[in-house]
Amino acid sequence: HITAARRGHRRSAGLSGLSHRHISFFSLSAFLFSLNLQPLGRPLTLSRVLITKRTMKLPACLVSQLRQVARHNFSNRMASLHTSAARAAAAPGDFRVESDTFGELKVPSDKYYGAQTMRSMMNFNIGGEHERMPLPVIKAFGILKKAAAIVNKEFGLDAKLADAISQAADEVIHGTLESHFPLVIWQTGSGTQSNMNVNEVIANRAIQILGGQLGSKSPVHPNDHVNKSQSSNDTYPTAMHIAVAMEIDTRLLPALKHLLDALRKKAHEFKDIVKIGRTHTQDAVPLTLGQEFGGYAAQIEYGIERVKVALPRLYYLAAGGTAVGTGLNTRVGFAEKVAEKVAQFTGLPFVTAPNKFEALASNDAMVEVSGSLNVTACSLMKIANDIRFLGSGPRCGFGELSLPENEPGSSIMPGKVNPTQCEAVTMVAAQVMGNHVAVTVGGSNGHFELNVFKPLMVSNVLRSVRLLADSSVSFTDNCVVGIVPNRERISKLLNESLMLVTALNPHIGYDKAAKIAKTAHKEGTTLKESAVKLGFLKAEDFDKWVRPEDMLGPK
């Protein structure tokens, strides 16, 4: 309206008869009312409108409208206050008041978290329950906080407080306090709110253990005691490394080994089955089905090795670097002792990071391990695709393999069965590749002394670990172990292949062998018939030289 009036269109804007200052005042007042910017319970706008009427000589109709807006606004806000008061009166024990440096907040009385966690929930309502901080990270935080409490006890922290913190941290480790960690991944990129969530939960639980009052921050303070000698900037990357290393050790590597064993078993089982090879999806020279599966097994074996090669950098812990890597507010030896305790609790060879500046400012180790997962995903994509293509049919495809029939495949085509395990694996592989892109972007965005994409990175790496592990077990148990070769179909396709002519190269040369293959293909005859017809060799020579079982390796 102001713009229209200034352009000389007051009538079209519905503002004829008003001056620019009247129009501006009206727009500003309406804007303030619509945003509810006046203080709660104070209808100051009414008196201000009257004062303005005397000084600015507003039309009576405008004053009346402003009064109505103000009264309506005031009534609504008072009703809201009454509703809140009624709720508080109806459930006096549902909340307690906690505070942080920004002020007081109501916190559910049955939760151990405090004001900073509550404030994060208010500020980052992104994604809901499915986007919560991964539980392996929370467990890793419990391990770290327990280790820090024990080391701080050695350096003078009151034994009673340290023991209570350790006991509360144990409960975090064992998962009994999961409902007290509501925060989502999408928060500060340093993970500060999740670190404080852990600090608040452990502090309040420790207070409870010691007989104190929740929210009192006494005798255990979340910052002064639970977070002693720590910063979110070193605790979160430490928790990242602990979480991912533990998940790889306990979940991924056993799952990949399970798949590797099954593929090796099939390779041995199929070692005498000669089949036609394919390159560029076209007919090629023979190999055994065992050799083909041996290639799959080697891919998984090398994938395991790649993951293991990335682990030593994950075993470097940032703890002790505090805010920027200097170790401010820690004691000499704190970092080494914490890493030693973490190694003791997890059974993994964690050590303090030799360079804390690198450990805080970058997350290259996380990108590296994600890269190894990405390669594993590529391997699984290839293996699953090969197996489902070789099992295509049952009558009109390659049909060299019979795959386990696990469930109906179509809602319209009766009797159809699909290679669903292979499809699931290929979808997982695609997701892991996408996760790696996100991790790569996150890892490349470390600015100055701190990378602030940490929650994004660890959540994607953990998801990749979980998906690869679970899909490997499912693929093994529900597909690989039940694969059966269709020997008749394999033999038929082998004997029809024109590429068996390759065995004649040493005897008659490449050009003549090529002419035999082209003639056979054009005339629809066998290689043997074409060779004899062209006069390049005798039938008995063909039988002696073209033997698929003799074409499987060097002579």
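In full-length UniProt numbering, the protein residues as written are 1 to 555.
Glycine included, each C-beta is placed from N, C-alpha and C at the ideal position.
Owing to the predicted nature of the structure, the values given are computational and were not obtained by experimental measurement.
According to the DSSP assignment, G290 belongs to the alpha helix (DSSP H) that extends over 289-314. With a 10 Å radius around the Cβ and a threshold of 16 neighbouring Cβ atoms, K533 comes out exposed. Beyond the five residues adjoining it in sequence on each side, V151 comes within less than 7 Å, by CB distance, of F334, K337, V338, K341 in the same chain, given in chain order.
N227 is the residue among N227, S392, A318, L259 whose C-alpha sits nearest the C-alpha of E200. By the 16-neighbour rule on beta-carbons within 10 angstroms, F448 is exposed.
Note that the region 225-243 touches the region 353-365; at least 3 beta-carbon pairs, one per stretch, sit closer than 8 Å.
When the beta-carbon positions are compared, L214 and T117 stay at least 8 Å from each other. Taking a 10 Å sphere around the C-beta of K139, we find 16 or more other C-beta atoms and assign the residue as buried. The beta carbon of P404 is closer than 7 Å to those of N478, C479, G482 in its chain, skipping five residues each way along the sequence. Counting C-beta pairs closer than 8 Å gives three or more between the region 466-478 and the region 247-256, which meets the contact rule. Take the alpha-carbon of I207 and the one of A148: they are about 18 Å apart. Comparing C-alpha distances from F141 to each of Q193, L161, N123 shows the shortest one belongs to Q193. Secondary structure of L317 (DSSP, three-state): strand. Between A517 and L527, the C-beta gap is smaller than 8 Å, which places the two residues in contact. For the pair A203 and K217, the CB atoms are nearer than the 8 Å cut-off. Using a C-beta cut-off of 8 Å, the region 450-465 makes contact with the region 361-376, since at least three inter-stretch Cβ pairs fall below that distance. With contacts defined by Cβ atoms closer than 8 Å, L161 and R205 do not form a contacting pair. One thing to note: I248 has its Cβ no nearer than 8 Å to the Cβ of T346. For the alpha helix (DSSP H) assignment, the uninterrupted runs of no fewer than 4 residues enclosed by the region 99-150 are, from N- to C-terminal side, 115-123. For F350, same chain residues with a beta-carbon under 6 Å away, outside a window of 5 residues either side, are Y315, L317, A339, V342, A343 in chain order. The beta carbons of T330 and S229 sit about 4 Å from each other, so the pair counts as a contact at 8 Å.
Between L552 and N486, the gap from beta carbon to beta carbon reaches 8 Å or more. Distances from the CA of A319 to each of K356, Y302, Y296 were compared; the closest alpha carbon is that of K356. Boundaries of the alpha helix (DSSP H) harbouring T235: 232-247, taken from the DSSP string. Of all alpha-carbon atoms in Q431, L287, Y113, P414, the one lying nearest the alpha-carbon of M196 is that of Y113. In the DSSP assignment, the residues bridged to D283 are R278.
As for any alpha helix (DSSP H) of minimum length 4 sitting wholly inside the region 397-449, the runs are 420-443, ordered along the chain.
As a beta-bridge residue in DSSP terms, V184 pairs with R132.
Shortest Cα-Cα distance from T188 to any of V172, H130, N223, N123 involves N123. Boundaries of the alpha helix (DSSP H) harbouring D261: 253-269, taken from the DSSP string. If you draw a 10 Å sphere on the C-beta of E523, you find fewer than 16 other C-beta atoms in it, and that means exposed. Nearest Cα to M246 within the set G442, E496, A469: A469. In this structure, L144 keeps its C-beta atom at 8 Å or more from the C-beta atom of I276. With fewer than 16 other beta carbons inside 10 angstroms of its own, Y510 counts as exposed. Per the coordinates, the alpha-carbon of E488 lies some 42 Å from the alpha-carbon of T250. Rounded to whole angstroms, I490 and M427 show a C-alpha spacing of 29 Å.
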